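A short worksheet on the structure shown next.
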Amino acid sequence: MNSYVEKVINYVKTKYPHQPEFCQTVEEVLSSLSPVIDKHPEYEKADLLNRIVEPERMFTFRVVWEDDNGNVHTNVGYRCQFNGAIGPYKGGLRFQKNVNPSIMKFLGFEQIFKNSLTGLPIGGAKGGADFDPTGKSDREIMRFCQSFMQALYRYIGPDVDVPAGDMGVGGREIGYLYGEYRRLKGKFENGVLTGKGLSYGGSLIRPEATGYGAIYYLQNVLRDDGQDIAGKTIACSGFGNVTWGICKKAAQLGAKVITLSGPDGYIIDPDGVITEEKINYLLEMRSSGRNRVQDYSDKFGVEFHANEKPWGIKADVVMPSALQNDVHMEQAKQIAANNIRYYIEVANMPTTNDALQYLMSQEGMIVAPSKAVNAGGVATSALEMSQNSERLVWTAEEVDAQLHKIMDTIYKNSVDAAKRNGLGYNLVAGANIAGFERVADAMMQQGLF
Ligand code: GLU
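Sequential numbering from 7 applies to the sequence shown in our numbering.
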């Protein structure tokens, strides 16, 4: 490994020992960059790596809200504006009880490279709160969003920082957040958030985009491997927005998702989540706020496995689409033992670093990294920003065609970047390198800060 790369990874680990997820992602990304850093000694002179691992700015704020019984609750909100070298900060908001500075920084760091890979002018950011939406009433969600925006509004804007959804933040939350922003600013500045409803500037296909994009990426992998998606079985985790989009596009193309998971366990549906009724039911499960995948097995009479993950299942493709660090060494071994050929990460950092290395070293396994595979979501957010600034609405076909083209380009750029650096067919390193090159170039041109 390049000695500067090694030095920075160790520096981050010593400096942030209480931020394990952040250290993990820094190690994963930077260790791919050795060949690039070797070729560019000027990067070390400009201390580029130490600069890129430090957020440009990060806010922590108090969010106080009142529940339906009049009890007062205090949560912590965050916005990590990690890197703005190539465009306004862009990235989602996550409302989940385990949100902390390490999670915010890991997601913000990933977002820099993901956003760069899209080829669009968006910097990397992430935000959220340690608020648990499970079981909250609609009014409680509204009051929480309003209070959150009262703290955040002065730090964001269409040319400054454009938040969007992530786990626990969907169309409903974005609506409440935007309403409060508009009220505070006294302006219809809808380019400040993406993932909006269609009636006030949202983009068609944005809800589907992450899942559709993941399948478009998978199609590229399969094509280069002489395969077709039709007839393939897919083991997915999660049952949220991303998994819903994957099920929908897979079904359209004749493939089928056969597993879903939640915090309570996983279900297996050998017929596939392919009918309109089943796919739409995922939306109901999400809006119920119950956060239970067992509801699917109750409704459709399929097997439910409590407190287990679906990684022991045989399928053509495995797509972890739920939380970070979902697949550890133990699960990676199960996946390899099942001779899975396509391991396609979808959630951010779903695989621990050792498990990822292990899977990548398996003969006959193709591994694709989430920062490329799930980039269709944020790319379509950037398309939403374009529509907002043009005051135009694109058709679903136009947005979908753009998304498809972006995913093909991300795949191609990743393949090329790895090849150019003597790494062969390595989609993981290729994505890190392609994402990094553009940001590094912009930072070098913009001088020291
Ligand atoms: N949270 C999504 C992501 O991780 C979407 C971000 C966005 O649309 O800005 O990419």
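Note that CB positions come from ideal geometry on N, CA and C, so glycine has one too.
Remember, predicted model here, so these are calculated numbers, not experimental data.
- Our two residues, residue 145 and residue 153, have alpha carbons roughly 12 Å apart in a direct line.
- Rounded to whole angstroms, the Cβ separation of residue 169 and residue 199 is 6 Å, and the two are in contact under 8 Å.
- With contacts defined by Cβ atoms closer than 8 Å, residue 248 and residue 115 do not form a contacting pair.
- Judged by pairs of C-beta atoms under 8 Å, the stretch 373-393 does not touch the stretch 183-190, as fewer than three such pairs exist.
- Distance from the CA of residue 289 to the CA of residue 373, rounded to the nearest whole angstrom, comes to 29 Å.
- DSSP places residue 70 inside the beta strand (DSSP E), whose first and last residues are 63-72.
- At the C-beta level, residue 445 and residue 8 stay beyond 8 Å of one another.
- Boundaries of the beta strand (DSSP E) harbouring residue 79: 78-89, taken from the DSSP string.
- Taking the Cα positions, residue 407 is about 16 Å away from residue 258.
- The continuous beta strand (DSSP E) containing residue 241 extends over residues 239-242.
- A Cβ-Cβ distance of about 4 Å is found for the pair residue 390 and residue 209, placing them in contact under the 8 Å criterion.
- Judged by DSSP secondary structure, residue 410 falls within the alpha helix (DSSP H) whose first and last residues are 402-426.
- Between the stretch 324-342 and the stretch 351-363, the count of Cβ pairs shorter than 8 Å is three or higher; the stretches touch.
- In the DSSP annotation of this structure, residue 100 is not part of any alpha helix (DSSP H); the continuous beta strand (DSSP E) holding it starts and ends at 95-101.
- In its chain, beyond the 5 residues on either side, 271 and 272 have a beta carbon closer than 8 Å to the beta carbon of residue 314.
- Contact check between the stretch 39-53 and the stretch 98-118: fewer than three CB pairs, one atom from each, fall below 8 Å, which does not count as touching.
- In this chain, the alpha helix (DSSP H) harbouring residue 283 covers 282-293.
- Looking from the CA of residue 61, the closest CA among 84, 76 and 74 belongs to 84.
- Between ligand 1 and the CB of residue 90, the shortest heavy atom gap is not smaller than 7 Å.
- Here the C-alpha atom of residue 70 lies approximately 50 Å from the C-alpha atom of residue 45.
- Buried is the label assigned to residue 267, since at least 16 other Cβ atoms lie within 10 Å of its Cβ.
- Within 7 Å of the C-beta of residue 327 there is not a single heavy atom belonging to ligand 1.
- Non-local beta-carbon contacts of residue 127 in its own chain, meaning distances under 7 Å to residues more than five positions away in sequence, involve 92 and 93 in chain order.
- Put simply, of 296, 262 and 298 the residue whose alpha carbon is nearest the alpha carbon of residue 281 is 262.
- Under the three-state reduction of DSSP output, residue 205 falls in the helix class.
- Counting along the chain, residue 272 sits inside no alpha helix (DSSP H); it lies in the beta strand (DSSP E) bounded by residues 271-274.
- The alpha helix (DSSP H) runs of length 4 or more contained entirely in the stretch 91-175 are, from start to end of the chain, 107-123 and 144-158.
- The Cβ-Cβ distance between residue 386 and residue 362 does not fall below 8 Å.
- Closest in C-alpha terms to residue 369, from the list 171, 161, 431 and 224, comes 431.
- Distance from residue 64 to residue 87 at the Cβ level is roughly 7 Å; contact confirmed, criterion being Cβ atoms closer than 8 Å.
- Per DSSP, reduced to three states, the secondary structure at residue 385 is helical.
- Below 8 Å, too few C-beta pairs join the stretch 334-345 and the stretch 215-225 to call them touching: fewer than three.
- Classified as buried, residue 326 has 16 or more neighbouring CB atoms from the shown chains inside 10 Å of its CB.
- DSSP, reduced to helix, strand and coil, places residue 329 outside both helices and strands of the structure shown, so it counts as coil.
- Put simply, of 98, 312, 265 and 77 the residue whose alpha carbon is nearest the alpha carbon of residue 285 is 265.
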